[in-house]
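Asker: The structure's right below; bear with me while I get my questions together.
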Amino acid sequence: MLDNAWIIPLVPAASFFLILFFGKRLPRKGSEVGIAAVAVAFVLAIATNVQWFDHVEDPPAAHEATAEEAGEGTGHALGGEGELAEATTAGGVEGTGGQGGEVAAAAEEEEHEVPPVQRTWTWFEIGGVDVEAGMLLDGPAAMMLVVVTLVSLLVHVYSTDYVHGDRRYTHFFAFLSLFTASMLGLVMSTSTLQLLVCWELVGLCSFALIGHWWEEKANSDAALKAFITNRVGDVGLIVGVITLYFAAGQTFDIVDINSQALSGDISHLALLVASCSLVAAVMSKSGQFILHTWLPDAMAGPTPVSALIHAATMVVAGVYMVGRLYGVFFEGLSIGVSSVNLLAVVGAVTVLGGAGLAFVQNDIKKVLAYSTVSQLGYMVMALGVGAWTAAFFHLFTHAFFKACLFLGAGSVSHAVHSFDMRKDMGGLRRWMPHTYRTFLIATGALVGIFPLAGFWSKDEILAGASQLGGGGGYTAFMVVGIVGALMTAAYMTRVVYLTFFGEYRGHGHPHESGPRLTVPLWVLAVLGVTAGFANLPAAVGPGDGLDLRFEHFYEPKAPYFPTANFSHPEFSPGIAVTATIVAVLGIGVAYLWYWRGLGPHGITQRNRLARVGRQVLENKYYLDWLYTDVIVGAVKGPVARAAYWVNQHVIDGVVNGAGRGATAVGRFVYTRIDQQVVDGAITGSAAAANSSGQVFRQLTSGKVQQYGALLFGAAALFAGVIIIFV
Amino acid sequence: MVAENVFFYAIAAVMVAASVVVVTNRNVVRSALALIVVFAGVAAQFILLAAEFVAVTQVLVYIGAIMVLMLFGIMLTRSRIGRDEQMTNSHWWAGVVTAALLAGVMGYALIENFGDDPLPNDRQIATVDGSNTSTIGDAIFSQFLIPFEAISVLLLAALIGAIVIARKDR
Amino acid sequence: MDELLLNQFLLLGAILFCTGVYGVIARKNTVLVLMSIELILNAVNINLLAFGAMGNDITGAVFALFVIAVAAAEVGVGLAMVLIIYRNRSSVDLDEIDSMRG
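Quick mapping for you: the protein sequence lines, in order, are chains A, B and C.
The opening residue of the first sequence carries number 1108 in the numbering used here; numbering runs sequentially from there.
The opening residue of the second sequence carries number 2 in the numbering used here; numbering runs sequentially from there.
The opening residue of the third sequence carries number -11 in the numbering used here; numbering runs sequentially from there.
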């Protein structure tokens, strides 16, 4: 399966086309094709992962570098069996390298290398450059395969109930399939160009799905905003890809680029430039400040879409891209040896900014959207401080509990037909037990309560921030992370209160949703509980074989992944305890505020500073105003006026001038040419015909003698001619 | 030889003068009589050419029958007897041109090609032991039988046709 | 000038022919046109016999006889037609017979 993992994106791609062409005629309108395809992809992804685990345990020796490192391990092992290490190092290397199966997996993990499974095909050739497409299957790819297919499968099942009877049911499933295929293609892409193409494809699917109900202008506006904001960041992506192409000696291959970056073949300046450009792409796609503005508006799309795309999978594409090209970032931004860098700063700002905005939202999905922004900030910050595994582990766990939260919000909206917490919700835990319980579990995971999933992943990030990096580490970012955790706990508790506790403020009769909605919720909730145990730190875990499994299987160990200045954070009980206390503190503060009504309620009416602060938050830091009114407006106005001027004077002038010219030409043609020349020719020819006719008329006088004269005359002429010339 | 020449030229002059009278005289009857003179002259020329039978036939048929027919025609179609007609019609100049042209062409051709060819002295168109008549008779009924029959049919057709055309309508 | 030249007869025939052509074209009376046609036919006969005498061939005479016969037939039919025309129009003026006009 490893060699053929490239089939996995093709299955949902085929289903996209099938649904598009045949969906409307199928009994379930195409959803069965979509679900079947994603289920197949999920099974294949699981199979791939199983084989990948085998591959990690038993990697084939790739090349001399591998053999050399393996030789050490072999030496140890064989030495253990009684042979002289020295004498057999060389021969042992060759022999075991050739056999490939004897490399001791029991040796230090950092010592043995796991080559990725890579297959490339030449897509097309242009100007002497081979553009390749293919599959690069390594740890992060394998992990993402499972995450994407699993969440997509659950969302598919959920959607059959949620968008039931929708005007574009088939279309929806078609695009879900296309999105799944594109995301899978993105995670397995082997060249930066393929990454770029799949990046754009997922952006396209996001656009199509956000604007699913485009008849309402707000939805199509949101879709456009998402697409265009992403486009702004994509400029950075393109610049970065091109910079890397030329800096790495004209190659698009990700493995190549990373290896060259790490081995110092690319100049530091080029790497810095490329990294900064790529950070712009991350900012737009993964909703980092300042290009995050599209993500809350994207909640205009159906909730399953929000769960799949804007929580679990698409928005993590930026994080994934950084993780894939980590060699570039690691060297370019000097992550391993500095104490502040662009990635970390962007991530940190996002953590706090997103969390702040989540406090003033009344729409449950918008709260979750800002929460997503904040958590994405955690992931980017983790990558910025050098905690690669922490970032990806957080990605892994976040996908599950955030999807669960979104689907729960969808379930709630299904019952009360609204997303507004203040106006239409409240006290729903009486009528919706499953939704309430899963929502609660997922909230706990998000906040980071021991032993749910978010605790482990967030803790690893904080540990990394405090331990990694040069010159005192990234301690400032650890502080940011802890503050963020406090805020997360507070606003999530607010959401829980407003939705499930208190008096019901709505008008309908809410009831629990059907099994197609609640079963995915429970699946995700269970995952939210258990997923954290995938990467138990050595200090806490049960033992060698079960600790740090995530890191063991999914962190790349190959020349294209940084090893110098790269280390893993140790589990720090101090940080863990601090984080838990902070989370509980946050819950407690919110509990006191809402349940007990303590605290400075209504402070915004009394205190001007508080009011201004709330205004800033409600206006989303005036970023939207900046983008739409200031930047775009400044361009729009003059451009529009210039265009209008061009239209009136240039274009209309040309047209009018052409019209006048045509009229003049026409007049000239009429009077001179038509009347005089053409008509003259015609009348002239008519007159000529007339006169010649008059002349020839006399020939047909009817007089026989005349005919006789003609006859004889002609005969005489003929005779004369013959006599003279013959 | 000299006598033949003299006779030839004399008769030729008369013929030409008479033919001019035919085509130019105002009086139709006079033209007809001049035509008779022409026919007679032609018969004389035929004798000069040693074609006696044809000469006699010429006199008999042409002068004896055709001219009589012509005179009958003149008589039957003249509405006003004695009145002179105009000589020519409106485009007589075309006739002059055509005739001159023809004359020029033919004259040129003849002089050019036949130059000074003399007629043989011992010309005779009969065989040694037969007269003209018998030779012609032999030729008609052997070599030219089919044209003879055709001519007969033609004459019959002409006969019937003339009767049909000219009879009074019922 | 002590022999008869062929050309004499041929030229004589030519002159008669041309005169006849002039008469056909220029005369108004239909009967006169018929007479001019007879002139032409006679000219032809002279030609035929001259060549016959030149080649010592009886064909010339036979042909001339046939021509005479045809001329007779033609005159008969022609005059019949002239009579009809005269009967219908009371005139044999060729200038007036132009119903083929146009």
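C-beta atoms are modelled at their ideal positions from N, C-alpha and C, and glycine is treated no differently.
1) Helix, strand or coil, according to DSSP, for Val168 of chain B in the structure here?
2) With a cut-off of 8 angstroms, do at least 3 Cβ pairs link the stretch 1123 to 1140 of chain A to the stretch 1156 to 1166 of chain A?
3) Let me see if you follow: with CB-CB separation under 8 angstroms, is Met88 of chain C close to chain B or not?
4) Are the CB atoms of Ile25 of chain C and Gln1 of chain B within a distance shorter than 8 angstroms?
5) Under three-state DSSP, which class holds Phe9 of chain B?
6) In or out: Phe1775 of chain A buried (at least 16 other Cβ within 10 Å) or exposed?
7) Between the Cα of Glu1725 of chain A and the Cα atoms of A:Gly1695, A:Ala1462, A:Gly1740, A:Thr1277, which residue gives the shortest distance?
8) Among B:Val3, B:Val57, B:Met16, which has the Cα closest to the Cα of Thr134 of chain B?
9) Along chain A, which residues have their Cβ under 8 angstroms away from the Cβ of Ala110 of chain B?
10) For Gln1812 of chain A, which residues in chain B fall below 9 angstroms Cβ to Cβ?
11) So within the stretch 1707 to 1773 of chain A, which uninterrupted alpha helix (DSSP H) runs reach at least 4 residues, ignoring any that extend past its ends?
12) Please decide whether Ala1793 of chain A counts as near chain B, where near means a Cβ-Cβ distance under 8 angstroms.
13) Compare the C-beta of Ile13 of chain C with all C-beta atoms of chain A and state if any pair is closer than 8 angstroms.
14) At a CB distance below 8 angstroms, what residues from the stretch 30 to 43 of chain C approach chain B? Give them in sequence order.
15) Of all the CB atoms in chain B, is at least one closer than 8 angstroms to the CB of Phe1819 of chain A?
16) Would you mind working out which of B:Ile152, B:Glu53, B:Met16, B:Ser32 sits nearest Val43 of chain B, comparing C-alpha positions?
17) Check each candidate in A:Ala1248, A:Pro1676, A:Gly1533 and name the one with the smallest Cα separation from Arg1431 of chain A.
18) Against chain A, with Cβ distances strictly below 8 angstroms, would Val70 of chain C count as a contact?
19) Quick one: give me the first and last residue of the beta strand (DSSP E) that Ile91 of chain C is part of.
20) Would you mind reading off the limits of the alpha helix (DSSP H) that contains Trp1538 of chain A?
21) How about Ile152 of chain B: is its C-beta nearer than 8 angstroms to some C-beta of chain C?
22) Is Met1421 of chain A helix, strand or coil when you go by DSSP?
23) Quick one: what's got a C-beta closer than 7 angstroms to Asn6 of chain B's C-beta in the same chain, skipping five residues either side?
24) Quick one: is His1263 of chain A buried, meaning 16 or more other Cβ sit within 10 Å of its Cβ, or exposed?
25) Kindly list the residues whose CB is nearer than 6 angstroms to the CB of Trp1401 of chain A, restricted to its own chain and excluding five residues on each side of it in sequence; keep chain order.
26) Using a Cβ cut-off of 7 angstroms, pull out every chain B residue sitting near Glu84 of chain C, in sequence order please.
27) Please give the ranges of any alpha helix (DSSP H) in the stretch 1431 to 1462 of chain A, keeping only runs that are unbroken, at least 4 residues long and fully inside the region.
28) Is the stretch 1411 to 1427 of chain A in contact with the stretch 1435 to 1446 of chain A, if contact means three or more CB pairs nearer than 8 angstroms?
29) Kindly say whether Ser143 of chain B, judged by its beta-carbon, lies nearer than 8 angstroms to any beta-carbon of chain C.
30) For chain F, check one thing: does any of its Cβ atoms lie closer than 8 angstroms to the Cβ of Val21 of chain C?
31) Which of helix, strand or coil does DSSP assign to Gly1533 of chain A?
32) Hey, how far is the Cα of Trp1495 of chain A from the Cα of Ala1489 of chain A?
33) Are Ser91 of chain B and Asp83 of chain C close, meaning C-beta to C-beta below 8 angstroms?
34) Kindly indicate which residue of A:Asp1531, A:Val1452, A:Phe1803 has the alpha-carbon position closest to the one of Ala1583 of chain A.
35) Please work out which residues of its chain come closer than 7 angstroms, Cβ to Cβ, to Leu1302 of chain A, disregarding the five sequence neighbours upstream and downstream, and give them in chain order.
36) Ala68 of chain C and Ala163 of chain B look like a contact to me (Cβ under 8 angstroms); what is the Cβ gap, rounded to whole Å?
Answerer: Walking through what the data contain:
1) For clarity, residue 168 of chain B is Arg in the given sequence; the question names Val instead. Coil, per DSSP.
2) Put simply, the stretch 1123 to 1140 of chain A does not touch the stretch 1156 to 1166 of chain A. Fewer than three CB pairs are less than 8 angstroms apart.
3) no
4) Outside the shown range of chain B, which is 2 to 171, sits residue 1 of chain B, and nothing can be said about it.
5) Correct three-state label for Phe9 of chain B: helix.
6) Here Phe1775 of chain A is exposed: its Cβ has fewer than 16 other Cβ atoms, across all protein chains shown, within 10 Å.
7) A:Ala1462
8) B:Val57
9) Against chain A, the beta carbon of Ala110 of chain B has neighbours under 8 angstroms at Ala1826, Ile1830, listed in chain order.
10) Asn90, His92, Ala95, Gly96
11) Listed in chain order, they are 1710 to 1713, 1715 to 1725, 1740 to 1752.
12) no
13) yes
14) The stretch 30 to 43 of chain C vs chain B, Cβ under 8 angstroms: Asn30, Asn33, Ile34, Leu37, Ala38, Gly40, Ala41, Met42.
15) yes
16) B:Met16
17) A:Ala1248
18) no
19) The question about residue 91 of chain C has no answer here: the residues shown for chain C are numbered -11 through 90.
20) Annotation: Trp1538 of chain A is outside any alpha helix (DSSP H) and is labelled neither H nor E by DSSP.
21) yes
22) coil
23) Excluding residues within five positions, none has a Cβ falling inside 7 angstroms.
24) buried
25) Lys1332, Ala1333, Thr1336
26) Under the 7 angstroms cutoff, chain B gives no residues; its nearest Cβ is about 10 angstroms from Glu84 of chain C.
27) Fully enclosed alpha helix (DSSP H) runs of 4 or longer: 1433 to 1439.
28) no
29) no
30) Within the model displayed, chain F is absent; protein chains A, B and C are what it includes.
31) coil
32) 7 angstroms
33) yes
34) A:Val1452
35) Leu1293, Ser1296, Met1428
36) Confirmed, Cβ separation roughly 4 angstroms.
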